[in-house]
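Counting with the numbering used here, you get residues 16 to 494 for the letters of the sequence shown.
Heads up, the thing below is written out as structure tokens.
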Amino acid sequence: MKNLMKIKTLAIVVALQFIALFAISQTAKFNYQAVVRDNLGNPLVNTLVDIDIRILQGTVDGTEVFAEYHEAETNAFGLVTLEIGSVEDLSVVDWSADTYFFEVTVDEELMGTSQLLSVPMAVSATYAENYDESDPVYTMAPASTITNDDINDWSSAYSWGDHAGLYLPADYTPELVEEDPLYSASPASTIANVNIANWNQAYLWGDHSGLYLPSDYSETDPVYTMAPASTITNDDINDWSTAYAWGDHSGLYLPSDYSPDYSNLVNLTDDQDIAGTKNFTGTVTVPTPVNEYDAVPKEYVDELLSRIEDLEVETGMKVRDASGNVYNIITLGSQVWMQENLRTTRYRNNVDIQYITDNDTWNTNTDAAYCQAMHNPDNEEIYGNLYNWEAVNTGILCPEGWHVPTAVEWQELFTWLEDNGFGYGGSGSDIAKSLSSEELWFDGFGTPGTVGNQTQLNNSSGFSARPASFMRGFTDNPG
């Protein structure tokens, strides 16, 4: 390797002495040619070389304004030809702004830097230094007065962040706080601009002071005083307006002379014959069923369901954890799996598991513990709980006779699913879709065969896996 590097070092020294012409095109590119020779001066023919090109501004140690990498092969004469600007955009270089230096590196070894003495005029011409605008439409537009200094200032201001709220709108009116106690105590302190505007408008209508009633006016019309309307207040009007907005509900009120008919009420104290439509009051007690079509109370049904569930657990059709949760199970191959995520809050020795409700406590805790996704207790019933390694490693997290599956057991399941056609499309190893439930997964438009694509095709195995989120310093929404 050391000898090879020496050959390339000598080769590039020779090559720099034979830098060929710069052919600048309108697409901002130029050609670079060099003959690569070994340390004896012989051309390296048909040889692959790795070349890094950099253009530096101002000095040999100046700012990099352009860089690109070439892997090239010398020809039968040792000549290598590169098109600078064919990999990266050379138009970013403002050739009129400064002097520039050309740096060449081979296999990460700097070979030399030399000044570009000829300015690539075809590229430099794209930067117009002076231009007289003659378009009358543009000249009349506000944009015609924008300068480079304006653009630079606006770009600088934009980089400071969002400060729109620091500027006052054209119609801004400052909010002043009155501190004069005499003014604050006077009636004038409550006068607003809208009051003044209204009074000015009313003044234009002419003198109509006599049309208003003074605040201490007393009604003297005997006809009005005797009418029911005389007792109507503003509060009554407001209440009636509110009620009117609720819709027509006149039929919901009883007239003042309404007299209820109790003749249809039945008091069940013993066996009675009832004919016609009757109203019932009190509590009806349904007896324990004896005959085939007897009605049963809810308590009876609940007790029956509880006993059925107990029998399912006892016969191995379901499994119950130490917290009393009952899980459906499924047999896949020679393995039996829960169809639901574990949600126990106790070990199988009936000891409570530590419950953590926030990220900070979880991150500093070193003992066995559990939480829910997003620390939301409502997620426990749907997605199960999240347990840390310390809880899993106790060996008593699962119900009696059950354990957390090992990597080997997971692989056994995957192999069985693949061998039995549960891969997407009936073949292959893409079995995630066949394991995932038909609900709760994000139903997106991803690659066919993924869990979120056409979720109605999920769960062909019946495994019913649900997206229960994770806990890794923080927890995310499930799904």
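Even glycine gets a Cβ: it sits at the ideal position worked out from N, Cα and C.
In this text, all values refer to a predicted model and were calculated from it rather than measured experimentally.
Exercise. Which residue comes first and which comes last in the alpha helix (DSSP H) that contains tyrosine 398?
Worked result: 394 to 398
Exercise. Can you list, in chain order, the stretches of the alpha helix (DSSP H) that have 4 or more residues and sit fully within the region 341 to 379?
Worked result: 374 to 379
Exercise. Hey, is asparagine 374's beta-carbon within less than 9 Å of any beta-carbon in chain B?
Worked result: Given the protein chain composition of this structure (a single chain), no chain B is represented.
Exercise. Got a sec? Which residues, its chain only, sit under 6 Å from threonine 421 by beta carbon, not counting five neighbours each side?
Worked result: none
Exercise. Quick one: Cα of aspartate 491 to Cα of glutamine 426, how far?
Worked result: 27 Å
Exercise. Is it a yes or a no for the region 404 to 416 touching the region 429 to 442, going by three-plus beta-carbon pairs under 8 Å?
Worked result: no
Problem set entry | Nearest neighbour of phenylalanine 81, chosen from Glu118, Glu405, Glu88, Asp236 [CA to CA] | Glu118
Problem set entry | valine 238 to serine 245 span [Cα, whole Å] | 10 Å
Exercise. Just checking my contact of leucine 401 with serine 452 at CB under 8 Å: how many whole Å lie between their CB atoms?
Worked result: That belief does not hold up - the Cβ atoms of leucine 401 and serine 452 are roughly 18 Å apart, past 8 Å.
Exercise. Do glutamine 469 and proline 463 have their CB atoms nearer than 9 Å?
Worked result: yes
For this session: Identify whether glycine 176 lies in helix, strand or coil by the three-state DSSP scheme.
Result: coil
Exercise. What are the residues that DSSP puts in a beta bridge with isoleucine 68?
Worked result: Glu83, Val119
Exercise. When we look at the beta-carbon of alanine 480 and count the other beta-carbons within 10 Å, is it buried (16 or more) or exposed?
Worked result: buried
Exercise. Candidates Phe429, Asn215, Ile247, Asp373: which alpha carbon is nearest phenylalanine 489's?
Worked result: Asp373
Exercise. For glutamate 466, which residues of its own chain have a beta-carbon under 7 Å away from its beta-carbon, when the five flanking residues on both sides are left out?
Worked result: Contrary to the premise, residue 466 reads as valine rather than glutamate in this sequence. Once the five neighbours on either side are set aside, the close Cβ partners of valine 466 are Ala447, Lys448, Ser451, Trp456, Asn473.
Problem set entry | Any non-hydrogen atom of the ligand GDP closer than 8 Å to aspartate 65 Cβ | The ligand GDP is absent from the structure shown, which contains no ligand whatsoever.
Exercise. Alpha helix (DSSP H) containing phenylalanine 45: first to last residue?
Worked result: Run containing phenylalanine 45: none in the alpha helix (DSSP H); it sits in the beta strand (DSSP E), 45 to 50.
Problem set entry | Simplified DSSP assignment, three categories, for serine 129 | strand
For this session: Report all residues from its chain with a CB closer than 7 Å to the CB of isoleucine 371; omit the five preceding and five following residues, and keep chain order.
Result: Trp377, Asn380, Ala384, Cys386
Exercise. Which term fits alanine 212, buried or exposed, when burial requires 16 or more other beta carbons within 10 angstroms of its beta carbon?
Worked result: exposed
For this session: State the Cα-Cα distance for the pair valine 60 and leucine 94, rounded to the nearest angstrom.
Result: 8 Å
Problem set entry | N-terminal and C-terminal residue of the alpha helix (DSSP H) that glutamate 424 is part of | 422 to 434
Problem set entry | Same chain, Cβ closer than 6 Å to valine 102, five either side skipped, listed in chain order | Glu83
Problem set entry | Own chain, CB closer than 7 Å to glycine 77, minus 5 neighbours either side, in chain order | Leu71, Phe116
Problem set entry | Proximity of phenylalanine 478 and leucine 357 at Cβ, strictly below 9 Å | no
Problem set entry | C-alpha distance - proline 493 paired with tyrosine 153, whole-angstrom precision | 56 Å
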